[in-house]
Amino acid sequence: MILVFGENGQVATALKESLPEATFVGSKVANFLNPERVLETLNTHKPTVVINAAAYTQVDKAEDEKEAALTINATTPGAIAEWCKNNKALLVHYSTDYVFDGSGAKPWTESDQPDPVNYYGYSKWQGEKAILASHATAFIFRISWVYSPWGNNFKKTMLKLAKEREQLSVVNDQWGAPTSAEDVAQVTTTLVHQYLKNEPIPEPGIYHLRFEQYQTWYQFASNIIQAAKEAGESIKVQEIRPVTSAEFPTKAKRPANSRLGSNFPLDLWKMKASKAIKD
Ligand SMILES: NC(=O)c1ccc[n+]([C@@H]2O[C@H](COP(=O)([O-])OP(=O)(O)OC[C@H]3O[C@@H](n4cnc5c(N)ncnc54)[C@H](OP(=O)(O)O)[C@@H]3O)[C@@H](O)[C@H]2O)c1
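So this is what it looks like as structure tokens:
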């Protein structure tokens with residue numbers, strides 16, 4: 004059976020649509036603050052595939068809740084990976100562009116050295132290392148700027164603000180690629196199906212996933228609002244002002260260059276061939 008940790012998150016919700024045969028376990032049943040409870044869940048279900056879509060994702064709050072962020076993003080994923088290793092289960096886990104320091108302007112490759120600038124990024128990096136150390140058969144997909152029709156994300160926030168305000172200021176010096184949770188779920192679903200059918204899959208390890216053009220948050224916001232206007236939505240905003248990160252201070256520092264260059268062979272399965280971008 005396929006067990007997904009995460010129930011109401013963006014990627015978990017997208018997986019409910021693409022992988023309806025999976026069992027979804029949320030934080031009420033398996034709280035990642037309690038790794039023992041999570042292991043009990045694994046022992047109860049004895050899955051052959053584990054997908055970890057659960058994470059501590061509040062980037063600013065993580066600066067004040069370091070212990071919780073580290074337990075949820077590293078200790079418990081490490082324990083899950085150990086369980087997968089011992090029980091010969093496949094593990095799919097998600098990580099982030101925030102493991103990198105944001106320097107330069109070149110896309111980061113999978114083999115570049117992480118050096119996070121905030122605690123969320125640090126906790127996710129520790130999670131990657133714990134999973135790799137377990138030697139489980141594991142895919143770690145680093146993704147960036149996730150959006151979806153569900154939960155909290157930049158796209159939903161911009162649309163809401165654009166309907167309420169006449170002017171918006173959006174950061175124009177951080178670069179990355181928006182990632183639809185549905186695309187992440189599609190790749191995960193295809194990988195899991197191939198694995199369960201005993202068909203060839205790529206080498207396990209860390210992969211970046213990218214489906215859309217590199218852009219700044221300002222460009223992303225402009226595109227979102229333009230598309231909403233074209234779709235006939237009632238948009239109040241008249242002016243979108245590009246600003247610098249210095250003008251928009253946040254508790255946790257954000258990397259300026261979050262471009263993820265991907266070596267994941269999406270084309271192997273002719274997957275989203277028109278849309279997928281491979282560097
Ligand atoms: N959002 C982004 O922009 C972004 C960017 C890069 C990478 N990522 C990574 O992508 C993955 C999926 O992110 P997402 O955007 O789908 O996250 P999300 O919408 O914030 O959802 C977080 C998920 O984690 C679960 N969770 C939180 N605290 C928990 C706890 N104590 N115990 C158990 N579960 C807990 C939630 O549980 P319930 O289902 O019970 O509510 C929810 O399913 C994560 O690994 C994240 O680090 C996200």
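The opening residue of the sequence shown carries number 4 in the numbering used here; numbering runs sequentially from there. Glycine included, C-beta positions come from ideal geometry on N, C-alpha and C. It should be emphasised that the depicted structure is a prediction, and the values quoted were computed from it without experimental measurement.
### Query
Who does R244 pair with in a DSSP beta bridge?
Residue numbering aside, residue 244 sits at position 241 when the sequence shown is read from its first letter. Under DSSP, R244 forms a beta bridge with S172.
#### Entry: DSSP bridge partner residues for S137 (one or two, in chain order)
Position 134 of the sequence shown, counted from the start, is the residue given in the question as residue 137. Answer by DSSP bridge pairing: none, since S137 is not bridged.
### Cβ neighbours of L6 in the same chain (closer than 6 angstroms, five flanking residues each side left out)
Sequence index remark: in the sequence shown, residue 6 carries index 3 (1-based). Contacts found: T26, H48, P50, V53.
### Query
Is it true that the CB of K239 sits closer than 8 angstroms to the CB of K158?
Here residue 158 corresponds to residue number 155 of the sequence shown, with the count starting at 1. Here residue 239 corresponds to residue number 236 of the sequence shown, with the count starting at 1. Not closer than 8 angstroms, so no.
#### Entry: Beta bridge counterpart(s) of R145 as assigned by DSSP
For this step, residue 145 is matched to residue 142 along the sequence shown. Paired residues: S98, H211.
### Query
Out of curiosity, what's the CA-to-CA distance linking A180 and K88?
In the sequence shown, counting from the first residue as 1, residue 180 sits at position 177. In the sequence shown, counting from the first residue as 1, residue 88 sits at position 85. Spanning the two alpha carbons is a distance of roughly 32 angstroms.
### Message
Suppose contacts are defined by Cβ-Cβ distances below 8 angstroms. Is A184 in contact with Q13 by that definition?
### Response
Along the sequence shown, one-based indexing puts residue 184 at 181. Along the sequence shown, one-based indexing puts residue 13 at 10. Yes, the pair counts as a contact, with Cβ atoms nearer than the cut-off.
### Message
So that I know if they touch, is there some Cβ in chain D lying closer than 8 angstroms to that of G235?
### Response
Of the protein chains in the structure, only one exists, and it is not chain D.
### Query
What residues in its chain sit with their C-beta under 7 angstroms from that of V41, if we drop five residues either side in the sequence?
The sequence position of residue 41 within the sequence shown is 38, counting from 1. Cβ neighbours of V41 within its own chain (closer than 7 angstroms, five residues either side excluded): A33, F35, T79, A82, I83.
### Task
Return the chain-ordered list of same chain residues with a C-beta closer than 6 angstroms to the C-beta of E10, the five sequence neighbours on each side being excluded.
Reading the sequence shown from its first residue, position 7 is the one you call residue 10. Hits under 6 angstroms: F27, G29.
#### Entry: G124 and N260 closer than 8 angstroms at C-beta
Mapped onto the sequence shown, residue 124 falls at position 121. Mapped onto the sequence shown, residue 260 falls at position 257. Contact: no.
### Query
Can you give, in chain order, each stretch of the beta strand (DSSP E) that sits fully within the segment 42-109 and has at least 3 residues?
Unbroken beta strand (DSSP E) stretches of 3 residues or longer found wholly inside the segment 42-109: 52-55, 93-99, given in chain order.
### Query
So is A15 buried or exposed if we call it buried at 16+ other beta carbons inside 10 Å?
As a working note, residue 15 is residue 12 in the sequence shown. By the neighbour-count criterion, in which a residue is buried when 16 or more other Cβ atoms sit within 10 angstroms of its Cβ, A15 is buried.
### Three-state secondary structure (DSSP) of Y198
Numbered from its first residue, the sequence shown carries residue 198 at position 195. Here DSSP, grouped into helix, strand and coil, assigns Y198 to helix.
### Query
With respect to the alpha helix (DSSP H) encompassing F157, which residues constitute its N-terminal and C-terminal limits?
For the purposes of this step, residue 157 is identified with residue 154 of the sequence shown, where counting begins at 1. It spans 157-167 - the alpha helix (DSSP H) in which F157 sits, taken as one unbroken run.
### Query
Short check: CB of T140 to CB of L93, under 8 angstroms?
Stepping through the sequence shown from its first residue, residue 140 is reached at position 137. Stepping through the sequence shown from its first residue, residue 93 is reached at position 90. T140 places its beta carbon less than 8 angstroms from that of L93.
### Query
Whose C-beta lies closer than 6 angstroms to the C-beta of F142 among residues of the same chain, with five residues either side of it excluded?
Stepping through the sequence shown from its first residue, residue 142 is reached at position 139. Result list for F142: V95, P207, in chain order.
### Message
Given this structure, state the Cα-to-Cα distance separating N156 from L162, to the nearest angstrom.
### Response
The residue you call residue 156 lines up with position 153 of the sequence shown. The residue you call residue 162 lines up with position 159 of the sequence shown. In a straight line, the C-alpha of N156 is about 10 angstroms away from that of L162.
### Query
Considering only C-alpha positions, which residue in the set N55, I146, H138 is nearest to K91?
Walking along the sequence shown from the start, residue 91 turns up at place 88. Per the C-alpha coordinates, the member of N55, I146, H138 positioned closest to K91 is H138.
### E169 versus N201 - alpha carbon distance
In the sequence shown, the residue the question calls residue 169 occupies position 166. In the sequence shown, the residue the question calls residue 201 occupies position 198. For E169 and N201, the distance between alpha carbons rounds to 55 angstroms.
### Query
Is the beta carbon of L45 less than 8 angstroms from the beta carbon of I146?
In the sequence shown, counting from the first residue as 1, residue 45 sits at position 42. In the sequence shown, counting from the first residue as 1, residue 146 sits at position 143. Contact flag unset, no.
#### Entry: Limits of the unbroken beta strand (DSSP E) element including T253
Indexing the sequence shown from 1 puts residue 253 at position 250. That residue, T253, is in no beta strand (DSSP E); it is neither H nor E in DSSP.
### Query
What did DSSP end up calling L22 once you bin it into helix, strand or coil?
Indexing the sequence shown from 1 puts residue 22 at position 19. It is coil, neither helix nor strand.
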